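S.K.: First the structure, which I've put down as structure tokens, then a few questions once you've had a look.
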Amino acid sequence: MFKYNCLNPISQVGLDYFDEKYEKVDDYKDAEAVLVRSANMHELEIKDNLLAVARAGAGVNNIPSDLCAEKGIVVFNTPGANANGVKELVIAGMLLASRDLIGGISWVNENKEDPNIQKVVEKAKKSFAGGEISGKKLGIIGLGAIGVRVANAATNLGMEVYGYDPYISIDAAWSLSRSIKHIKNVEEIYKECDFITIHVPLLDSTKKMIDKSAISLMKNDVVILNFARDLLVNEEDMVEALKNGKVKKYVTDFPNPTVAGVEGIIATPHLGASTEESEINCAKMAVKQLKDYLENGNIKNS
Ligand code: MLT
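861 is the number of the first residue of the sequence shown in our numbering; add one for each residue after it.
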């Protein structure tokens, strides 16, 4: 019987098989299989009895993959399993950046006891007026499972979608999503788009890719969305660009002290994949991968 440990809470629906067949151990050091969501495994001692790690999520930057490779520990992730959840939050982020829903909702909460609230609604309507995303240009950097879903959803909302991915040819991108109209280089996305959303992994080559010089190429009043990784953006440069009015809004799923509370920033606490459906999908995929490996020696990252 294999021993497993969850370093973070993982959906019970997905874990049912493990609970029936394997032994859940309290200390990850005793486990042969570890499931992890956001815990930073770089800070943990990696024992030789560990056979496999599965990340219930797409990014693996919280796992010491090189060390695991050296020790022969297989690392899985769950590509696409939470893409729908993230896609929906990206769309919500664009809508929040365009319509002052946050201001409007706060206004209603603050004025809810006022018996004359209906009379002042006209004034409030004016002060919370916004714009539409339909007809605007959206640039998607990274055309993986999330980027492609965002492309399709944004097209259905009437946006014109530009996509860029250094590893994907124009033909391949078209086969992924007919709605990506123009595959340009990243500079052209910077120059042409009203909204720019990033969906690339955190690598040495992508770290702080959105910095002062990238932002300087962008349109005035651009809206930038980051539901991928905080370190893809140079946050000091972003704050400066918001303060000098170059960037209209920065929608980020990473409420770091540098950005949280700064005017023009809409920050959420890494909620992209936090839906019941995404959590179940990730847990099920991670458990299937581990089971396939431990029981049959198969290494299949899907
Ligand atoms: C991911 O990499 O897919 C996300 O970080 C998942 C999560 O929210 O844990």
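Glycine included, C-beta positions come from ideal geometry on N, C-alpha and C.
Treat the numbers as computed from the prediction; the structure is a model and nothing was measured.
Is the region 1140-1159 close to the region 863-877, with three or more CB pairs under 8 Å?
M.R.: Judged by Cβ distances under 8 Å, the region 1140-1159 makes contact with the region 863-877, as three or more pairs qualify.
S.K.: For the beta strand (DSSP E) containing Val913, name the first residue and the last one.
M.R.: What you label residue 913 is simply residue 53 of the sequence shown in a count that begins at 1. Per DSSP, Val913 belongs to the beta strand (DSSP E) from 912-915.
S.K.: Please give the ranges of any alpha helix (DSSP H) in the region 1043-1122, keeping only runs that are unbroken, at least 4 residues long and fully inside the region.
M.R.: The region 1043-1122 contains these whole alpha helix (DSSP H) runs: 1046-1052, 1072-1077, 1095-1103.
S.K.: In chain order, what residues of the same chain have a beta carbon less than 6 Å from the beta carbon of Asn843, not counting five sequence neighbours either side?
M.R.: The first residue shown for the chain is 861 and the last is 1162, placing residue 843 beyond what the model contains.
S.K.: Quick one: which unbroken alpha helix (DSSP H) runs of 4-plus residues sit fully inside the region 924-949? Chain order, please.
M.R.: Runs found: 925-931.
S.K.: Is Tyr888 helix, strand or coil by DSSP?
M.R.: Walking along the sequence shown from the start, residue 888 turns up at place 28. Tyr888 falls in the helix class under three-state DSSP.
S.K.: Hey, how far is the Cα of Leu1017 from the Cα of Ile993?
M.R.: Locating residue 1017 in the sequence shown gives position 157, where the first residue counts as 1. Locating residue 993 in the sequence shown gives position 133, where the first residue counts as 1. Approximately 8 Å between the Cα atoms of the pair.
S.K.: Classify Lys1160: buried if its beta carbon has 16 or more other beta carbons within 10 angstroms, exposed otherwise.
M.R.: As a first step, residue 1160 is located in the sequence shown; it is residue number 300 there, counting from the start. Lys1160 comes out exposed.
S.K.: Here's the rule: buried if 16 or more other CB atoms are within 10 angstroms of the residue's CB, otherwise exposed. What is Pro924?
M.R.: Here residue 924 is taken as the residue at index 64 of the sequence shown, counted from 1. Buried: at least 16 other Cβ atoms inside 10 Å.
S.K.: Along the chain, which unbroken stretches of the alpha helix (DSSP H) at least 4 residues long are found entirely within the region 947-1031?
M.R.: Complete alpha helix (DSSP H) runs here, min 4: 961-971, 977-987, 1005-1016.
S.K.: Could you have a look at Ile1159 and say whether DSSP puts it in helix, strand or coil?
M.R.: Here residue 1159 is taken as the residue at index 299 of the sequence shown, counted from 1. In this structure, Ile1159 counts as coil in the three-state DSSP scheme.
S.K.: In this structure, does DSSP put Lys907 in helix, strand or coil?
M.R.: Indexing the sequence shown from 1 puts residue 907 at position 47. Note: Lys907 maps to coil in three-state DSSP.
S.K.: Report yes if the CB atom of Asp1054 is closer than 8 Å to the CB atom of Val1083, and no otherwise.
M.R.: Reading the sequence shown from its first residue, position 194 is the one you call residue 1054. Reading the sequence shown from its first residue, position 223 is the one you call residue 1083. A contact, by the Cβ cut-off of 8 Å.
S.K.: Using 8 Å as the Cβ pair cut-off and three pairs as the minimum, do the region 1080-1098 and the region 898-916 touch?
M.R.: These segments do not touch.
S.K.: Just reading off the alpha helix (DSSP H) that Tyr864 is part of, what are its end residues?
M.R.: For the purposes of this step, residue 864 is taken as residue 4 along the sequence shown, with counting starting at 1. Taken as a continuous stretch (DSSP letters only), Tyr864 belongs to no alpha helix (DSSP H), being part of the beta strand (DSSP E) at 863-866.
S.K.: What does the alpha-carbon distance come out to for the pair Ser1037 and Asn1156?
M.R.: In the sequence shown, residue 1037 corresponds to position 177, counting from 1. In the sequence shown, residue 1156 corresponds to position 296, counting from 1. About 35 Å.
S.K.: I'd like to know if Phe1055 contacts chain C, where contact means its C-beta is closer than 8 Å to some C-beta of that chain.
M.R.: Within the model displayed, chain C is absent; a lone protein chain is all it includes.
S.K.: Determine the burial state of Gln978: buried for a count of at least 16 other Cβ atoms within 10 Å of its Cβ, exposed for fewer.
M.R.: The residue given as residue 978 occupies position 118 in the sequence shown. The residue in question, Gln978, is exposed, as its Cβ has fewer than 16 Cβ neighbours within 10 Å.
S.K.: Mark Glu892 as exposed unless 16 or more other C-beta atoms lie within 10 angstroms of its C-beta, in which case mark it buried.
M.R.: For the purposes of this step, residue 892 is taken as residue 32 along the sequence shown, with counting starting at 1. Buried.
S.K.: Can you tell me where the beta strand (DSSP E) holding Val920 begins and where it ends?
M.R.: Locating residue 920 in the sequence shown gives position 60, counting from the first residue. Val920 -> no beta strand (DSSP E), and no H or E assigned at all.
S.K.: Going by the C-beta, is Asn942 closer than 7 Å to any heavy atom of the ligand MLT?
M.R.: One-based indexing of the sequence shown puts residue 942 at position 82. The answer is yes for Asn942.
S.K.: Look at the alpha carbon of Asn976 and the alpha carbon of Trp967, and state the distance between them as a whole number of angstroms.
M.R.: Here residue 976 refers to the residue found at position 116 of the sequence shown. Here residue 967 refers to the residue found at position 107 of the sequence shown. Their backbone Cα atoms lie some 14 Å apart in a straight line.
S.K.: One question on the structure: do Asp960 and Phe936 come within less than 8 Å of each other, judged by their Cβ atoms?
M.R.: In the sequence shown, the residue the question calls residue 960 occupies position 100. In the sequence shown, the residue the question calls residue 936 occupies position 76. Contact: no.
S.K.: Report the CB separation of Tyr1022 from Gly999 in whole angstroms; it is logged as a contact under 8 Å.
M.R.: Here residue 1022 is taken as the residue at index 162 of the sequence shown, counted from 1. Here residue 999 is taken as the residue at index 139 of the sequence shown, counted from 1. With a Cβ gap of about 5 Å, Tyr1022 and Gly999 count as contacting.
S.K.: Let me confirm a value: Leu1003 is counted as buried when at least 16 other C-beta atoms fall within 10 Å, else exposed. Which label applies?
M.R.: As a first step, residue 1003 is located in the sequence shown; it is residue number 143 there, counting from the start. The residue is buried, with at least 16 neighbouring Cβ atoms inside 10 Å.
S.K.: Consult DSSP for Ala899 and reduce its assignment to one of helix, strand or coil.
M.R.: For this step, residue 899 is matched to residue 39 along the sequence shown. If DSSP states are grouped into helix, strand and coil, Ala899 belongs with coil.
S.K.: In the DSSP output, which residue or residues are listed as bridge partners for Val894?
M.R.: Translated into the one-based positions of the sequence shown, residue 894 becomes position 34. Asn865, Val913, per the DSSP bridge assignment.
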